[in-house]
Amino acid sequence: MEPEVANQGNEISPNNTIYINNLNEKVKIDQLKQSLHAVFKQFGTILEILAFKTLKHKGQAWLVFKDVASATAAVEKMQGFPFYDKPMRIQYAKTKSDIIAKADGTFVPRERRKRHEEKGKKRKDQHDANQAGMGLNPAYAGGAKSVIPEAPAPPNNILFVQNVPHDTTPMALQMFFSQFPGFKEVRMVEAKPGIAFVEYGDEMQATVAMQSLQSLKIGQQQLLITYAKK
DNA sequence: AGCACA
Numbered sequence: 009m010e011p012e013v014a015n016q017g018n019e020i021s022p023n024n025t026i027y028i029n030n031l032n033e034k035v036k037i038d039q040l041k042q043s044l045h046a047v048f049k050q051f052g053t054i055l056e057i058l059a060f061k062t063l064k065h066k067g068q069a070w071l072v073f074k075d076v077a078s079a080t081a082a083v084e085k086m087q088g089f090p091f092y093d094k095p096m097r098i099q100y101a102k103t104k105s106d107i108i109a110k111a112d113g114t115f116v117p118r119e120r121r122k123r124h125e126e127k128g129k130k131r132k133d134q135h136d137a138n139q140a141g142m143g144l145n146p147a148y149a150g151g152a153k154s155v156i157p158e159a160p161a162p163p164n165n166i167l168f169v170q171n172v173p174h175d176t177t178p179m180a181l182q183m184f185f186s187q188f189p190g191f192k193e194v195r196m197v198e199a200k201p202g203i204a205f206v207e208y209g210d211e212m213q214a215t216v217a218m219q220s221l222q223s224l225k226i227g228q229q230q231l232l233i234t235y236a237k238k
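Numbering (the working numbering), first residue to last: 9 to 238.
Here you go:
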């Protein structure tokens with residue numbers, strides 16, 4: 009007989025939604041969601057990202073892809089990806105997200121959770137504004153080690169490449185980046201392993217290379233490419 | 001460690 013029951017053990021079956029834990033709990037929810045989006049959008053359209061700061065849900069997030077194939081790629085390729093100094097742990101979510109159920113017509117409203125919604129709903133707009141500002145502050149958490157840029161640099165002709173395996177040579181990197189028009193040079197800094205700068209003639213050329221190489225893995229590691237700060 | 005639907 010074939011195994012009709014897809015899910016006997018601890019394996020969780022494919023789902024549009026990935027469940028991520030071991031996230032750095034010091035990161036503010038808004039910034040966390042933004043950064044997750046930046047890192048996972050390469051796998052396909054993201055419908056929703058949910059994260060909460062309550063005790064039971066800190067350090068975790070649910071990221072809903074439009075397509076299951078995107079979720080599968082994300083689970084495989086981003087497993088252990090260093091994110092705010094901690095390796096992400098990624099699984100498929102155990103259950104279907106509401107947003108998916110609504111789309112496929114299977115949504116049935118669940119019991120309303122306890123009266124969660126009652127406590128002081130003050131004007132906290134000011135706090136939110138402050139929090140947004142903090143997302144731009146590199147001094148946050150006192151470290152420069154995050155693989156996530158605090159604020160995305162505007163498009164320009166130089167790419168900033170992160171999560172490069174430490175034993176990668178400039179020559180090796182050049183192999184990948186020089187196949188795109190306008191390539192000028194790769195620069196690596198001895199004192200700062202794991203990163204590289206790649207320069208192109210102009211912004212469009214840099215953009216083309218970035219989009220093509222964004223999903224490149226070297227060894228086990230998923231490259232992360234953004235524009236360099238100038 | 002912790003699987004929700006702010």
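Glycine residues also receive a C-beta, built at the ideal position from the N, C-alpha and C atoms. All of these numbers come straight from a predicted model, not from anything done at the bench.
C-alpha distance - residue i paired with residue j, whole-angstrom precision
{"i": "Asn164", "j": "Gln187", "result": "19 angstroms"}
{"i": "Gln239", "j": "Lys61", "result": "Residue 239 is absent from the model: the chain starts at 9 and stops at 238."}
{"i": "Gly150", "j": "Val169", "result": "Only weak support exists for where Gly150 lies, its pLDDT of 31 falling under 50; the value from the coordinates is given anyway. Cα to Cα, the separation comes out at about 22 angstroms."}
{"i": "Phe48", "j": "Gly190", "result": "27 angstroms"}
{"i": "Gly202", "j": "Pro173", "result": "6 angstroms"}
{"i": "Ile98", "j": "Lys192", "result": "37 angstroms"}
{"i": "Thr114", "j": "Ala214", "result": "44 angstroms"}
{"i": "Lys110", "j": "Glu119", "result": "16 angstroms"}
{"i": "Ile108", "j": "Val35", "result": "27 angstroms"}
{"i": "Thr103", "j": "Ile57", "result": "15 angstroms"}
{"i": "Val216", "j": "Asp112", "result": "35 angstroms"}
{"i": "Met96", "j": "Val116", "result": "31 angstroms"}
{"i": "Tyr208", "j": "Leu167", "result": "8 angstroms"}
{"i": "Pro90", "j": "Ala204", "result": "17 angstroms"}
{"i": "Pro178", "j": "Asp210", "result": "21 angstroms"}
Assigned exposure category for residue i - 16 Cβ within 10 Å defines buried
{"i": "Lys130", "result": "In this predicted model, Lys130 has a pLDDT of only 39, less than 50, meaning its place in the structure is not dependable; the value taken from the coordinates is given anyway. Lys130 is exposed by the Cβ-count criterion."}
{"i": "Leu231", "result": "buried"}
{"i": "Val83", "result": "buried"}
{"i": "Ala236", "result": "buried"}
{"i": "Gln4", "result": "Any answer about residue 4 is impossible in this case: the structure gives the chain only from 9 up to 238."}
{"i": "Ala161", "result": "exposed"}
{"i": "Ala180", "result": "exposed"}
{"i": "Thr176", "result": "buried"}
{"i": "Ala77", "result": "exposed"}
{"i": "Ala199", "result": "exposed"}
Check whether residue i and residue j have beta carbons under 7 angstroms apart
{"i": "Gly67", "j": "Asn29", "result": "yes"}
{"i": "Met212", "j": "Ile233", "result": "no"}
{"i": "Val194", "j": "Val206", "result": "yes"}
{"i": "Thr53", "j": "Lys85", "result": "no"}
Inter-residue CB distance, residue i and residue j (contact presumed, cutoff 8 angstroms)
{"i": "Ser21", "j": "Tyr100", "result": "7 angstroms"}
{"i": "Leu40", "j": "Ala69", "result": "7 angstroms"}
{"i": "Leu44", "j": "Lys94", "result": "With a Cβ gap of about 13 angstroms, Leu44 and Lys94 do not count as contacting."}
{"i": "Ile26", "j": "Leu55", "result": "So it is not a contact: roughly 12 angstroms between Cβ atoms."}
{"i": "Ser105", "j": "Asn24", "result": "7 angstroms"}
Identity of the residue in the options nearest residue i by Cα
{"i": "Ala59", "options": "Ala46, Asp38, Ala161, Arg97", "result": "Asp38"}
{"i": "Lys64", "options": "Glu33, Ile226, Asp112", "result": "Glu33"}
{"i": "Phe239", "options": "Ser220, Gly52, Ile54, Pro117", "result": "Here the chain covers residues 9 to 238 and nothing more, so residue 239 does not appear."}
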